[in-house]
Amino acid sequence: MEAGSTLMTEVLLNGRLAPFGGGNPFDVIEDGALVVGEGHIRWIGNRRQLPEEFRSCRTHDLGNRLVTPGLVECHTHLIFEGDRGAERVERCQGRATYAEQLERGGAIHSTVRATRNADYNRLYTQANERICAFEARGVTSIEIKSGYGLDIDTELKLLRIGRKL
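At position 74 of the sequence shown (counting the first as 1) the number is 62 in the numbering used here, and the numbers step up by one without a gap.
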């Protein structure tokens, strides 16, 4: 990144930085420095290479912590129909267990039924809205799992939607 104005600029030092893009995606910059100013990353690199213009800026020690460019959602069943929020409340209030909800046709059974009955466009639209919600909260990478079809036709439909997303 290019060096820029020092107005309202701070330097984060002693970090393990995992920059996004370019080079090996598994590279980590040890003893890294990250310059933030005016709401943007102004520079990133090894602390020894910190441009002179940033050396007098306010600093913060990252304590050798890892800094990544975004959050990763590593396990989500993103494509589904239905809402089991009421069941969650019921369990939290001690009015039912998951097993009891399952026995009466709720829990995963209700999601499977709703997902099987939902058309492709509805499932796609809802999943896309969920992706937008994740992105708005800083998630940059999402693993999408199927699993709410529990039959070949529905699972294939979910996989096609996932590929399109």
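We put the beta carbon where it would ideally sit given N, CA and C, even for glycine. All of these numbers come straight from a predicted model, not from anything done at the bench.
Residue burial classification, residue i (beta-carbon count within 10 angstroms, cutoff 16)
i       : result
GLN37   : exposed
VAL77   : exposed
VAL(-1) : buried
LYS145  : buried
ARG30   : buried
GLY51   : exposed
THR103  : buried
VAL23   : buried
TYR175  : Nothing about residue 175 can be read from this structure; the chain reaches only from -11 to 153.
PHE67   : It should be noted that the sequence gives Ile, not Phe, for residue 67. By the 10 Å Cβ count, ILE67 comes out buried.
Three-state secondary structure (DSSP) of residue i
i      : result
LEU22  : strand
HIS155 : Nothing about residue 155 can be reported from this structure: the residues present for the chain run from -11 to 153 only.
ARG30  : strand
ARG36  : helix
VAL16  : coil
Extent of the continuous alpha helix (DSSP H) run through residue i
i      : result
VAL77  : 73 to 80
THR142 : 140 to 152
CYS120 : 108 to 124
GLU91  : 86 to 91
ARG101 : 96 to 105
Enclosing beta strand (DSSP E) for residue i [first to last residue]
i       : result
ILE130  : 127 to 132
PHE50   : According to the sequence as given, residue 50 is Leu; it is not Phe. LEU50 -> no beta strand (DSSP E), and no H or E assigned at all.
GLU(-2) : -3 to 5
Sheet register partners of residue i (DSSP bridge)
i     : result
ARG43 : BP columns for ARG43 are empty, so no partner.
The ligand NAP heavy atom lying under 7 Å from the CB of residue i
i     : result
ARG53 : Looking for the ligand NAP in the displayed structure turns up nothing, as the structure carries no ligands at all.
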